[in-house]
Structures are given as structure tokens and as C-alpha cells.
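Novice: For the sequence shown, the working numbering assigns the number 39 to the initial residue and increments by one for each residue that follows.
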Amino acid sequence: MRPSEVFIKDLLITGFANEGRSIAHVDGKVIFVKGAVPGDVVNVRVLKNKSDYIEAEVAEVVQQSADRQQPFCPHFGPCGGCQWQHMRYAAQLAYKEAAVFDTLERVGKVRIQQKLSIVGADQDRYYRNKLEFTFSHREWLPADLFQSKIAAAHPPALGYHLPGAFDRVFDVKTCYLQPHLSDRIRLAIREFTLEHGYDYFDLRKQTGLMRNVIIRMTTTGEVMVVVIFTSDEKEKISALLEYLICQFPEITSLLYVLNSKKNDSIYNLEVFKYYGNDVLRERIGELSFRISAQSFFQTNTRQAEKLYDGVKRFAALNGDEIVYDLYTGTGSIALYLADSCKKVIGIEQLDQAIIDAKINAIINDISNVSFYTSDIGKTLNNSFVNQHGQPDVVITDPPRAGMPGTVISELLKMLSPKIVYVSCNVATQARDLQLLSEKYTIKRSQAFDLFPQTHHVENVVELITSA
Numbered sequence: 039m040r041p042s043e044v045f046i047k048d049l050l051i052t053g054f055a056n057e058g059r060s061i062a063h064v065d066g067k068v069i070f071v072k073g074a075v076p077g078d079v080v081n082v083r084v085l086k087n088k089s090d091y092i093e094a095e096v097a098e099v100v101q102q103s104a105d106r107q108q109p110f111c112p113h114f115g116p117c118g119g120c121q122w123q124h125m126r127y128a129a130q131l132a133y134k135e136a137a138v139f140d141t142l143e144r145v146g147k148v149r150i151q152q153k154l155s156i157v158g159a160d161q162d163r164y165y166r167n168k169l170e171f172t173f174s175h176r177e178w179l180p181a182d183l184f185q186s187k188i189a190a191a192h193p194p195a196l197g198y199h200l201p202g203a204f205d206r207v208f209d210v211k212t213c214y215l216q217p218h219l220s221d222r223i224r225l226a227i228r229e230f231t232l233e234h235g236y237d238y239f240d241l242r243k244q245t246g247l248m249r250n251v252i253i254r255m256t257t258t259g260e261v262m263v264v265v266i267f268t269s270d271e272k273e274k275i276s277a278l279l280e281y282l283i284c285q286f287p288e289i290t291s292l293l294y295v296l297n298s299k300k301n302d303s304i305y306n307l308e309v310f311k312y313y314g315n316d317v318l319r320e321r322i323g324e325l326s327f328r329i330s331a332q333s334f335f336q337t338n339t340r341q342a343e344k345l346y347d348g349v350k351r352f353a354a355l356n357g358d359e360i361v362y363d364l365y366t367g368t369g370s371i372a373l374y375l376a377d378s379c380k381k382v383i384g385i386e387q388l389d390q391a392i393i394d395a396k397i398n399a400i401i402n403d404i405s406n407v408s409f410y411t412s413d414i415g416k417t418l419n420n421s422f423v424n425q426h427g428q429p430d431v432v433i434t435d436p437p438r439a440g441m442p443g444t445v446i447s448e449l450l451k452m453l454s455p456k457i458v459y460v461s462c463n464v465a466t467q468a469r470d471l472q473l474l475s476e477k478y479t480i481k482r483s484q485a486f487d488l489f490p491q492t493h494h495v496e497n498v499v500e501l502i503t504s505a
């Protein structure tokens with residue numbers, strides 16, 4: 039213990055706050071605690087002491103909560119991935135459900151006619167279909183966190199960023215978010231590149247050949263590996279990719295990208311096919327989806343099907359409706375609903391997403407869906423409605439920031455009989471629902487757990503016009 043460290047002892051954890059942090063209270067002050075479970079009695083190390091709150095982390099568990107369990111991953115703590123793995127999955131679901139309804143009713147100040155139980159995952163590990171790993175010329179070791187330095191002797195790393203630290207990467211030995219094949223591929227890449235003297239990326243200086251690896255896996259057994267290099271060193275690129283082909287016949291798509299930009303995004307870069315197919319095929323329900331290296335796709339395929347079933351159930355289509363799907367992305371929800379309505383109009387701002395959506399419609403022989411690339415806030419107006427018809431149902435699935443005021447204003451003017459609002463951020467959903475409640479009533483709300491072992495949750499709300 040360093041002389042400057044401050045501890046609070048025998049602290050009872052009473053619940054969760056936003057972003058999955060546990061909370062306690064001392065002398066009228068709120069304490070946000072990292073690494074605790076409600077019901078724990080803990081000694082905590084103070085990280086920040088503000089006038090109205092304290093931020094702390096667990097130094098010692100004095101008495102375990104009945105909901106606490108042993109973390110299954112050796113990287114628990116510094117890794118930002120599965121931050122709730124020290125809590126029983128049933129308890130995770132209970133806290134997520136309670137947090138959703140508390141946020142809607144307390145923050146949004148809206149009344150929910152019917153609160154439905156959260157839909158949990160059948161598989162709470164190995165559920166992600168996409169993972170991205172970062173190369174770093176110097177490994178960041180968890181033991182060094184409080185010294186705030188990187189030891190010069192630390193070897194290169196291939197793994198994840200520490201939360202909130204762009205230049206700190208810890209080496210991942212095993213990850214429970216994808217099947218073990220993902221670990222084998224990543225570790226083989228690490229071993230080969232280190233053995234043959236490949237330079238790993240220096241995130242501060244922006245130098246080094248090896249930058250990122252993306253691994254995508256489908257429920258149908260297809261595997262895509264995308265290796266991102268900073269420059270076109272053909273011999274080294276070919277040597278590594280040939281090695282992967284020989285070692286892993288399971289790989290169906292082997293691609294690479296050259297990225298010398300300041301950020302890791304590959305969405306505006308050319309993707310080169312080295313071996314196999316340039317896309318994956320995934321299935322949700324009866325539909326087949328094309329997934330490219332740059333495609334957005336729900337990261338939990340099996341839970342996505344449950345989510346889409348929930349959206350379809352809330353929409354309650356009878357075959358005659360016109361449906362607008364706002365923020366349609368690659369069109370997955372629009373296509374999922376197409377067999378139950380007259381037509382679906384999907385709107386999305388990203389060009390590549392709409393290209394994928396149109397291709398997915400062709401693949402599935404769906405002709406009653408139209409997709410448009412546009413800023414929804416500018417497109418959704420009387421002229422658009424006159425052209426495409428008054429919607430009977432509006433599906434909206436905005437990004438975490440929620441819907442801008444212009445879109446909400448148009449929805450209130452349009453006054454579709456029903457809105458189904460899908461959200462990955464219940465706080466902004468609550469804000470938007472409060473505005474929509476001017477003319478709408480919240481009939482039903484149901485959460486879906488697409489991200490087990492984390493505090494993240496999707497929520498679906500059905501709104502109907504007020505009588």
C-alpha cells in the first residue's frame with residue numbers, strides 16, 4: 039500500500055448505478071465501486087474523492103454476496119469485456135431488467151402498461167460473432183496499472199485495449215467471447231509474427247507493420263479472418279497468410295487491409311481477398327445474410343433472432359401494413375418483417391449498409407422492401423410520406439445517442455398508429471419516450487440480453503397513439 043492511498047472499510051454494496059458500476063453510501067455520499075456485486079461487504083481503494091461522490095475499486099471482499107461467483111476468465115479486471123462475470127447470470131438478468139424499468143419510469147417519467155420479463159441468452163459465453171484484436175509493440179501488464187508506466191522489457195502484445203486507454207494493450211491468452219478456434223488463430227498469428235520478426239504497431243508513434251486482426255464466425259460454421267497491416271510488405275503479408283491457410287482449414291475467408299490512417303476503422307478502405315470467399319453467409323430464422331469485412335451485423339446472432347421475434351410480436355402485423363424501418367442498417371429487421379406486411383421502407387445514412395441491405399433482399403428473394411440512403415432527420419417529412427404512403431407501423435432502432443429532435447417531431451406529426459422502439463441505450467430511449475408521450479402511450483416494454491456478462495442490454499418498447 040502506498041502512503042497516499044485511502045481506503046474505506048466494511049462497505050455494503052446496495053445496488054447498481056449507470057454503466058454497470060455498483061453503488062454504496064457513506065455519510066450521505068454516493069460511492070461508485072468497480073468490481074463489486076450488490077450484497078458484498080468490501081474494503082475499497084478510493085480513486086477519486088469529489089464533493090458529492092467517490093469513485094473506488096474493490097481492494098478486498100470481506101463478505102461475499104449470494105450473487106457473487108468466481109470469474110471464469112484470467113483477464114477479468116483489466117479487460118473491459120465481461121465485467122459482470124463475477125455475478126451469477128440469473129442475477130445479471132434481474133439487475134438488467136430492474137435497471138431498464140427504473141430508467142424508463144424514473145428518468146423518462148413514463149408509465150408502462152405492461153412490463154414483460156427480460157429475455158435471457160441460452161448461451162452466456164462464446165456468443166460473439168465478431169472480435170477485433172490490436173497489435174502493440176509493448177504489452178501493458180495489469181500489475182502496472184497503479185504505477186502508470188509500461189516496463190521497457192515488456193514483450194509485444196496481441197489483445198485488447200484497456201478501457202479508456204488507446205495506447206495500452208494487454209496480451210490475450212484466452213477469450214470466452216468466441217469459440218476456442220478464435221484463440222488458436224490469434225495465438226498462431228502472434229507466434230508466427232514474433233518468431234519471424236514482424237514489427238508490432240506503436241500506437242503513439244503510429245509505426246509498425248502489424249495493426250489489427252478481425253475474426254468473424256457464423257452459426258453456419260464459416261470463419262473470416264481479416265489481418266490489417268500498415269503497409270504493403272508483400273513478402274511478409276504472403277508468408278503470414280499462407281501459414282494461416284496451412285494451419286487452419288476452417289478459415290473460409292482470408293482477407294487483408296492496408297491501413298495507414300490515424301484510426302483503426304476500415305470502413306472506407308479497400309479489402310483484399312487472399313483466399314476463399316470475400317463474404318460470410320449467416321442465417322437468422324429463415325433468412326440468409328451476406329456479411330462482408332466492413333459490414334455491421336448484430337454481434338450475437340442467436341439472441342438477435344429472439345430480439346427480432348420480439349419486434350415482430352410487438353408490431354403485430356397482419357399482412358396489409360406499410361412499415362417504416364428507421365436506422366435500418368443492413369436491413370435485418372426490415373427483411374425479418376417483410377413476410378408479414380404489405381411493404382417495408384428502410385432508411386439509413388450509411389451507404390455501405392444500404393448496399394448490403396439491398397443485396398440481402400436479393401439473396402432472400404424479397405421484393406416488398408425498399409431501402410434508401412439518407413439522413414433520416416432530413417428525409418422523414420410530408421413529401422417522403424406522400425411518396426411512400428402513410429406508415430401503419432414505424433420501427434426505429436437508433437444509435438446510442440437516440441433520435442434527434444427533428445425525427446421525434448416528424449414522428450409526432452406523422453402519428454403512425456404504432457411505433458416499435460428498439461434501443462441499445464435505455465437512458466436516451468427514456469428521454470425520447472418522454473417526448474413521444476405527448477401523443478403516444480407505452481403499451482409494452484421488454485429487455486433482451488444480447489451481451490451476457492456485461493451491463494449492456496437491448497430494450498424494445500411498443501407505443502400506440504393515445505386515445
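Using N, Cα and C, we set each Cβ at its ideal position, and we do this for glycine too.
Computed from a predicted model, the values in this text were never measured in an experiment.
Using the beta-carbon count (16 or more within 10 Å), is VAL499 buried or exposed?
Specialist: Buried is the call here.
Novice: Comparing C-alpha positions only, which one of LEU388, ALA277, TYR374 sits nearest to VAL382?
Specialist: Minimum Cα distance to VAL382 is reached at TYR374.
Novice: Helix or strand or just coil, what does DSSP make of ALA485?
Specialist: Three-state result, ALA485: strand.
Novice: Return helix, strand or coil for ARG351, following the three-state DSSP convention.
Specialist: Three-state DSSP puts ARG351 in a helix.
Novice: I need the straight-line Cα distance from LEU318 to PHE409, nearest angstrom please.
Specialist: Using only the alpha carbons, I get a separation of about 22 Å.
Novice: How far does the alpha helix (DSSP H) with GLN467 in it reach, from first residue to last?
Specialist: Residues 464-474.
Novice: When DSSP builds the beta bridges, which residues end up paired with ASN81?
Specialist: DSSP, once it has assigned bridges, lists GLU98 as partnering ASN81.
Novice: Quick one: what does DSSP say GLU324 is sitting in, helix, strand or coil?
Specialist: Reduced to three states, the DSSP call for GLU324 is coil.
Novice: Below 8 Å CB to CB, which residues in the same chain sit around THR492 once its five sequence neighbours on both sides are set aside?
Specialist: GLY58, GLY119, CYS120, GLN121, TRP122, listed in sequence order.
Novice: Thinking C-alpha only, which one of ILE322, TYR305, ASP237, GLY440 is nearest ILE275?
Specialist: Of the listed residues, the one whose Cα sits closest to ILE275 is ASP237.
Novice: Terminal residues of the continuous alpha helix (DSSP H) containing SER333?
Specialist: Careful: SER333 lies outside any alpha helix (DSSP H) and carries neither H nor E.
Novice: Could you tell me how far apart the beta carbons of GLN151 and ILE392 are, in whole angstroms, since I believe they sit closer than 8 Å?
Specialist: About 35 Å separates the two Cβ atoms, so there is no contact after all.
Novice: Hey, LYS477 and LEU453 are a contact pair by Cβ (cut 8 Å); roughly how many whole angstroms apart?
Specialist: Going by Cβ atoms, the distance from LYS477 to LEU453 rounds to 6 Å, so yes, they are a contact pair.
Novice: From what residue to what residue does the beta strand (DSSP E) around ILE383 run?
Specialist: Residues 381-386.
Novice: From which residue to which residue does the beta strand (DSSP E) around GLY197 run?
Specialist: 195-199 is the span of the beta strand (DSSP E), which, as asked, contains GLY197.
Novice: Work out the CA separation of GLU233 and SER471 for me, nearest whole Å.
Specialist: In the sequence as presented, Ser is not what sits at residue 471; that position holds Leu. If I take the Cα positions, the gap works out to 56 Å.
Novice: With a threshold of 8 Å between beta-carbons, can GLY348 be considered close to chain C, or not?
Specialist: This model lacks chain C altogether, as it is built from one protein chain only.
Novice: Judging by CA-CA distance, which residue of ASP209, GLU320, GLY73 is the nearest neighbour of ASN81?
Specialist: Ranking the options by Cα distance to ASN81, first place goes to GLY73.
Novice: Who are the Cβ neighbours of MET441 in its own chain at under 7 Å, not counting the five residues just before and after it?
Specialist: Only THR434, ASP470 meet the Cβ criterion.
Novice: Under the rule that 16 or more other beta-carbon atoms within 10 Å means buried, what is LEU131, buried or exposed?
Specialist: With 16 or more other Cβ atoms within 10 Å, it is buried.
Novice: Please name the residue in GLU229, THR258, GLY235, THR268 whose C-alpha comes closest to that of LEU33.
Specialist: There is no way to answer for residue 33, as the model of the chain reaches only from 39 to 505.
Novice: Could you compute how far the alpha carbon of ALA129 sits from the alpha carbon of GLY77?
Specialist: If you take the alpha carbons of ALA129 and GLY77, they lie about 11 Å apart.
Novice: Relative to the alpha-carbon of VAL84, which residue among VAL264, PHE352, VAL44, VAL265 has its alpha-carbon at the smallest distance?
Specialist: Among VAL264, PHE352, VAL44, VAL265, the Cα nearest to that of VAL84 belongs to VAL44.
Novice: Give me the Cα-Cα distance between VAL100 and VAL71, rounded to the nearest whole angstrom.
Specialist: Cα-Cα distance, rounded: 14 Å.
Novice: I need the DSSP call for GLN151, collapsed to helix, strand or coil.
Specialist: Strand, per DSSP.
Novice: Taking DSSP as the reference, what is the three-state secondary structure of VAL207?
Specialist: Residue state, collapsed to three classes: strand.
Novice: May I ask you to report which of helix, strand or coil DSSP gives ALA104?
Specialist: Reduced to three states, the DSSP call for ALA104 is coil.
Novice: Pick helix, strand or coil for ALA132, following the three-state DSSP scheme.
Specialist: If DSSP states are grouped into helix, strand and coil, ALA132 belongs with the helices.
Novice: Report yes if the C-beta distance between VAL431 and VAL458 is below 8 Å; otherwise report no.
Specialist: Against a cut-off of 8 Å, the Cβ pair of VAL458 and VAL431 comes out as a contact.
Novice: Give the secondary structure of PHE422 by DSSP, where H, G and I count as helix, E and B as strand, and everything else as coil.
Specialist: In the structure shown, PHE422 sits in a helix (DSSP, three-state: H, G or I).
Novice: In terms of DSSP beta bridges, what is TYR294 paired with?
Specialist: Bridge partners of TYR294: VAL265, PHE310.
Novice: In whole angstroms, give me the CA-to-CA distance for ALA331 and ASP270.
Specialist: If I take the Cα positions, the gap works out to 19 Å.
Novice: Give a yes or no on contact between the region 333-343 and the region 159-173, applying the rule of three or more CB pairs nearer than 8 Å.
Specialist: Contact between the region 333-343 and the region 159-173 is present, because at least three Cβ pairs lie under 8 Å.
Novice: What are the residues that DSSP puts in a beta bridge with PHE54?
Specialist: Answer is SER60, bridged to PHE54.
Novice: How should SER333 be labelled, buried or exposed, when 16 other C-beta atoms within 10 angstroms of its C-beta is the threshold for buried?
Specialist: Buried.
Novice: Determine the direct distance from the alpha carbon of LEU279 to that of ASN315, and round the result to whole angstroms.
Specialist: For ASN315 and LEU279, the distance between alpha carbons rounds to 14 Å.
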